[in-house]
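Residue numbers (this note's numbering), protein chains in the order written: chain A, 609 to 939; chain B, 609 to 939.
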């Protein structure tokens, strides 16, 4: 089903992607790249894709889309305790792509990969038959055997989250329902902050080493805190979480005061890209101290319990609520 | 832009992809997998995507699509002299996907990954806004420093190809133009053979070790022999190729007798997934012997020359022809 070329793929690669190439990628002049982990280390592999109109708005700035495509993958590496080593990029371009778009995308990607020391190692550029799909495979490394797992929490462990929760979901809501009454309660800076949180994940790589040392389990929060917490705990474990302990930004806090029902969106909305982890009580102080030392805010929000069922959120009014796991999904 | 879940991604992963998981992938219950190359080895990384309606027909058998998605990537590893270690799969599913389709696709993928000792290590399943996109990142390994490069041929090296060239392009032509007169010259078995060659790449992994030992440069032929040969030689080198020496299957040979103009399609059509390599004259006999020992047909088709310009094909009638590099492309 191939057809006459409508663009010179090699020329595009040389112009836009070769400058981003890591040492094992030979300026993208080969069909494969080499990578060797540091001796005594395992590679950590993860893949996450963005689809225009599903994971981002098609008219978002190309550099922001690039940062997000990288960030959502680096966020997974951070949660696993890994240090980034490189990425492969598969770009399915829609019919209306332009070189201007690609130039801005690759420039944004180059800035972000340089910032994280995570060069481009390869990829593929194809023609989509529909919306753009941006697939990234990210490679990181950990000392052998030290990857932080997802379903290894123990009953009694404390549950922690980094940063603030719900900002990206509200940033998305701002764009989808710009006339919602709660938005008027925010000042311009708050609205800008929420929009930025939706556009630009901030992978918590600074916390990776502390997670390796202290966390009993971890994952990044990408599909909503409630559902991801249930996913992390797996079968035979539950959680008691104090809703009031969940860290909210000033903007999110004001939004909830204006419209209390938004708490559901905050707890089930996606795109936080914060770290959710569990830690034995004995290691909690050390994890908090190390998080503080690297400038990552960390809040203790609950405790791992025995038994099945979704995490129970103890609300400020004394009631307990559960949220259906996976109620919100990118799929 | 996420919305309410229309399917349980985790359930799909557990049912269809967990059985394909390699040891570092923990039955797909985590957001990342680990992999360590054999000590003293480099990992070799490559990524290639298939788009329905571009790289395959949407109604091709799902197991065939899976085999192709894996095969085109393993073909790159083979050309680089690498042994497969695992893959990550990013699947963007169109609105009309069905569980039956996914069951057949994952079963086919499982058969193919098992055959090649190349388990699934991770991936992502997302909703496409258009045609299906199947992105595969493949990881292989080579002894440290031994990856066979693409643009490292030397003037005077002999040019070799494995198998037969043009079958897949004719198999595609059969489907796109079923009334073309040359098709009537073929018997049923030949037509079936050509269709199969388009559907099912056969990565030449058996040749990987011999390529590491003897080839000065190599790549797989995916976008047509003429263009890929130009790509392999890069700047400052050309090639003289004897068109009569290019190995054709019985089916392709009969098709060309019926319609001589098909030679252009054979030399510029895509999807061969054979190996194109260069070898110093002194190593030619050894490479041929080792190829024969592992059952891979290998033909010497030409010589690397100095100077720029596309490879010159010396035709049976004494004329020399060139084919525009990239005249045929998947992009």
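Where a beta carbon is used, it is the ideal one built from N, C-alpha and C, also for glycine.
Secondary structure in the stretch 841-892 of chain A: the alpha helix (DSSP H) runs of 4 residues or longer, each lying completely within the stretch, are 858-866 and 870-876 in chain order.
Three or more pairs of CB atoms, one per stretch, sit closer than 8 Å, so the stretch 768-781 of chain A contacts the stretch 823-836 of chain A. Judged by their CB atoms, residue 922 of chain A and residue 849 of chain A are nearer to each other than the 8 Å cut-off. Collapsing the DSSP output to three states places residue 751 of chain A in a strand. Linking residue 680 of chain B to residue 809 of chain B through their CA atoms gives a straight-line distance of about 7 Å. The criterion of a C-beta distance shorter than 8 Å is not satisfied by residue 622 of chain A and residue 729 of chain A.
For residue 794 of chain B, the three-state secondary structure derived from DSSP is coil.
The closest CA to that of residue 675 of chain B, considering only B/742, B/642, B/801 and B/644, is found on B/742. Within the stretch 662-690 of chain B, the residues whose Cβ lies closer than 8 Å to some Cβ of chain A are 662, 663, 664, 665, 684, 685, 687, 688 and 690, listed in chain order. When DSSP reads this structure, residue 767 of chain A sits in a beta bridge with A/886 and A/910. Taking the CA atoms as reference points, residue 655 of chain B sits about 20 Å from residue 671 of chain B.
Apart from sequence neighbours up to five positions away, the residues of its chain that approach residue 732 of chain A with a beta-carbon distance below 7 Å are 698, ordered along the chain.
Out of B/862, B/711, B/695 and B/624, the CA that lies nearest to the CA of residue 778 of chain B is found in B/862. When 9 Å is used as the limit between beta carbons, residue 887 of chain B is near no residue of chain A, the shortest such separation being about 18 Å.
Spanning the alpha carbons of residue 669 of chain B and residue 792 of chain B requires a straight line of approximately 25 Å.
Judged by pairs of C-beta atoms under 8 Å, the stretch 868-882 of chain A touches the stretch 779-790 of chain A, as three or more such pairs exist. Interface residue (Cβ-Cβ distance to chain B less than 8 Å): residue 855 of chain A is not classified as such. Rounded to whole angstroms, the separation of the alpha carbons of residue 796 of chain A and residue 804 of chain A is 12 Å. Near chain B, meaning a CB-to-CB distance below 7 Å, the residues of the stretch 732-760 of chain A are 732, 733, 734, 735, 736, 737, 738, 739, 741, 743, 745, 752, 755, 757, 758 and 759. In the assembly as shown, residue 882 of chain B is a buried residue. Its beta-carbon has 16 or more other beta-carbons within 10 Å.
DSSP, read as helix, strand or coil, puts residue 731 of chain A in strand. Between residue 696 of chain B and residue 724 of chain B the beta-carbon gap is near 15 Å, outside 8 Å, which marks them as no contact.
DSSP places residue 762 of chain B in the coil class of the three-state scheme, outside both helix and strand. When 9 Å is used as the limit between beta carbons, residue 864 of chain A is near no residue of chain B, the shortest such separation being about 20 Å.
Under a criterion of Cβ atoms nearer than 8 Å, the residues of chain A adjacent to residue 637 of chain B are, in order, 758, 759 and 842. Counting only the Cα atoms, residue 837 of chain B lies some 29 Å from residue 706 of chain A. Between residue 616 of chain A and residue 758 of chain B the beta-carbon gap is near 17 Å, outside 8 Å, which marks them as no contact. Contact check for residue 620 of chain B and residue 710 of chain B: beta-carbon distance about 7 Å, within the 8 Å limit, so the pair qualifies. The Cβ atoms of residue 753 of chain A and residue 652 of chain A do not sit closer than 8 Å to each other. Residue state for residue 929 of chain B is assigned as strand, using DSSP reduced to three classes.
Residues of the stretch 814-844 of chain B that bring their beta carbon within less than 8 Å of a beta carbon in chain A comprise 827, 828, 831, 839 and 842, in sequence order. Given a length threshold of 4 residues, each whole run of the alpha helix (DSSP H) inside the stretch 787-832 of chain A is given here in chain order: 796-807 and 816-822. Between the stretch 811-828 of chain A and the stretch 889-905 of chain A there are three or more C-beta pairs closer than 8 Å, enough to call the two in contact. Counting every other CB atom within 10 Å of its CB across the protein chains shown gives residue 890 of chain B a total below 16, marking it as exposed.
At a C-beta separation below 7 Å, residue 654 of chain B has these neighbours in chain A: 639, 640 and 730.
For a cut-off of 8 Å, the C-beta gap from residue 825 of chain B to residue 885 of chain B is around 7 Å, short enough to register as a contact.
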